[in-house]
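Right, one structure below, let's go through it.
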Amino acid sequence: SCDEYLNGVTGVCQDLLNPKFCKPACKCEPGFVRNNKGICVRPPQCCSDPNAELVPNALNCQPTCRKPNNICPGNKPFACVCKPGYVFDEAKGICVQYEECPPIIVCNINEIYVFCPKPCPQDGTCSQYFCGKNPICGNPGPLPGCNPACRCKPGFIRDANGVCVRPEDCCDSQPNSVVVPNPNPCPPTCSSPNPISCIKNISFAFGCVCKPGFILNDAGLCVTYNECPPTLTCNKNEFYIFCSNPCPQEKICRDYFSGNSPICIIPSINTCIPVCRCNDGYFRNKAGQCVLPNNCCLDPNAEVVPNPSPCQPQCSNYQPSCPTLPLPPFGCRCKLGYILNDLRQCVQCNQCPGNKNCKSNEVEIFYQNQCPREITCQDYFNGVSGKLHKSLRLENVS
1 SCDEYLNGVT GVCQDLLNPK FCKPACKCEP GFVRNNKGIC VRPPQCCSDP NAELVPNALN
61 CQPTCRKPNN ICPGNKPFAC VCKPGYVFDE AKGICVQYEE CPPIIVCNIN EIYVFCPKPC
121 PQDGTCSQYF CGKNPICGNP GPLPGCNPAC RCKPGFIRDA NGVCVRPEDC CDSQPNSVVV
181 PNPNPCPPTC SSPNPISCIK NISFAFGCVC KPGFILNDAG LCVTYNECPP TLTCNKNEFY
241 IFCSNPCPQE KICRDYFSGN SPICIIPSIN TCIPVCRCND GYFRNKAGQC VLPNNCCLDP
301 NAEVVPNPSP CQPQCSNYQP SCPTLPLPPF GCRCKLGYIL NDLRQCVQCN QCPGNKNCKS
361 NEVEIFYQNQ CPREITCQDY FNGVSGKLHK SLRLENVS
């Protein structure tokens, strides 16, 4: 029989002299053996599975879907084993193609299950894609046994985390970055937002760069400009901007006085300059301080007034002649009781340089109020205390 043939048994003779064994029967012709269905077949046809074949000196076990590298000791003279490209499915009891085996591992998104993957080609990676190179497989040597694995679907490659992604999504594992061709090998960073030159003699076909509005920090992560550690210490009424826009410009007191808006010219080269800007509602004065509009005057004895005269009284010229000019919306003027000296400083009137024309027993009063007026001798004789009739000018009497 086939079983005896497969097990190397050439036939067992029974005692034919015993009448109970002596019965008429059909016997397979020479060169044929009887299979499990009682049909006489040639030995190679003993395998009932069309995807199996008779193999001499076969192992006692063969690879299966669940055990693709199944090995056991011992051999059989002959055995039915699955043909090349097929494996035994324990659940169905037949030989099936590799891809028909039920998966024994769970694949992730964008992966496919491969029962017996070839060593070449291997899955591509994002790093190879960035370098513009194909996967290098090398010489795999003797073909190993079947090792079921999950491979990336066509059109997908593995990123740094081992996830199968499309090439344009290779930067998804790095938040706030995007894939671009020919990236700058020396990108802007928090510590060097405007690299002057790049000394790295390398180039990439593709790479990850930070999206607009983001920059690399020292940890290699793309963060917003405001997340970069400050490189400046801002003063009172200021706030820090890592990468300031050239326009609109910061408000200054001079523009507040004139009522004009500053003219801003956008530079041809976009540079990132960390600066301290005045808080909203504040203006920068000539001393570089951020102040409220009514504090724009640097002189502590001056004040902001609307429509100030361009010609203000000075120690050297109390009543200057002033041409008719358009008055600015706002400006600085000395406070009441103060006047400009030659250094353009607001000083008290009695601090102006003295007049050498004063006579003995006289004191110069630069900015004399009309009341109370100076008492004359005639006033003294008449017992007048110094009341003034504005239309009367009295002379000293000797």
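Residue numbers (full-length UniProt numbering): 1 to 398. Note that beta-carbon positions come from the ideal geometry of N, C-alpha and C, so glycine has one too. Given the structure is predicted, the values throughout are model-derived calculations rather than measurements.
When the distance is taken between beta carbons, is residue j closer than 8 angstroms to residue i?
i       : j       : result
Thr-224 : Phe-214 : yes
Ile-252 : Arg-277 : no
Asn-51  : Tyr-98  : no
Ile-157 : Pro-167 : yes
Cys-82  : Cys-95  : yes
Cys-247 : Asn-194 : no
Val-165 : Asn-110 : yes
Phe-204 : Cys-131 : yes
Cys-198 : Leu-216 : no
Gly-294 : Cys-334 : Residue 294 is actually Asn in this sequence, not Gly. No, these two residues do not count as a Cβ contact at 8 angstroms.
Cys-47  : Val-33  : no
Which word fits residue i, buried or exposed, when buried means at least 16 other C-beta atoms lie within 10 angstroms of its C-beta?
i           : result
Glu-227     : exposed
Gln-62      : buried
Ile-339     : buried
Asn-35      : buried
residue 402 : Given a span of 1 to 398 for the chain in the structure shown, any question on residue 402 remains unanswerable.
Ala-79      : buried
Gly-207     : buried
Cys-264     : exposed
Cys-126     : buried
Cys-26      : exposed
May I have the straight-line CA-CA distance separating residue i from residue j, to the nearest angstrom?
i       : j       : result
Gln-312 : Pro-320 : 7 angstroms
Asp-159 : Val-275 : 38 angstroms
Pro-230 : Gly-162 : 36 angstroms
Tyr-129 : Lys-153 : 16 angstroms
Cys-346 : Asp-218 : 52 angstroms
Ser-316 : Asn-260 : 32 angstroms
Val-305 : Thr-233 : 33 angstroms
Asn-69  : Pro-77  : 21 angstroms
Cys-170 : Val-179 : 7 angstroms
Leu-336 : Pro-353 : 19 angstroms
Leu-292 : Asn-235 : 14 angstroms
Gln-348 : Asn-341 : 9 angstroms
Ser-192 : Asn-184 : 14 angstroms
Gly-124 : Ala-91  : 34 angstroms
Glu-250 : Asp-280 : 10 angstroms
Arg-344 : Asn-382 : 45 angstroms
Pro-326 : Tyr-318 : 22 angstroms
Asn-307 : Thr-324 : 13 angstroms
Lys-37  : Cys-146 : 34 angstroms
Gly-220 : Asp-172 : 14 angstroms
Cys-186 : Ser-244 : 21 angstroms
Cys-28  : Lys-67  : 38 angstroms
Cys-107 : Pro-117 : 14 angstroms
Asp-379 : Gln-314 : 33 angstroms
Pro-24  : Pro-84  : 43 angstroms
Asn-237 : Val-209 : 35 angstroms
Sorted by chain position, which residues of the same chain lie with C-beta nearer than 7 angstroms to residue i's C-beta, five sequence neighbours on each side aside?
i       : result
Cys-322 : Ser-309, Pro-310, Cys-311
Cys-101 : Cys-65, Val-87, Asp-89, Phe-115
Cys-297 : Glu-303, Val-304, Cys-332
Gly-155 : Arg-166
Asn-285 : Cys-253, Val-291, Cys-296, Leu-298
So residue i and residue j are supposed to be a Cβ contact under 8 angstroms. How far apart are they, rounded?
i       : j       : result
Gln-174 : Cys-120 : Rounded, the Cβ-Cβ distance is 30 angstroms, inconsistent with contact.
Lys-211 : Asn-182 : Not confirmed; about 17 angstroms, so no contact.
Arg-151 : Ile-104 : Not really, about 15 angstroms apart at Cβ, beyond 8 angstroms.
Within its chain, find whatever has a CB closer than 8 angstroms to the CB of residue i; leave out the 5 residues flanking it on each side and keep chain order.
i       : result
Asn-75  : Asn-57, Ala-58, Leu-59, Asn-60
Pro-44  : Glu-53, Leu-54
Gly-31  : Arg-42
Gln-351 : Asn-341
Ala-287 : Leu-298
Ile-202 : Pro-185
Glu-39  : According to the sequence provided, residue 39 is Ile. The question's Glu does not apply to it. So no residue of the chain qualifies.
Who are the near neighbours of residue i in its chain, counting only those whose CB is closer than 6 angstroms to its CB and skipping five residues on each side?
i       : result
Phe-257 : Pro-328, Phe-330, Gly-331
Arg-254 : none
Pro-188 : Ile-215
Asp-49  : Ile-94, Cys-95
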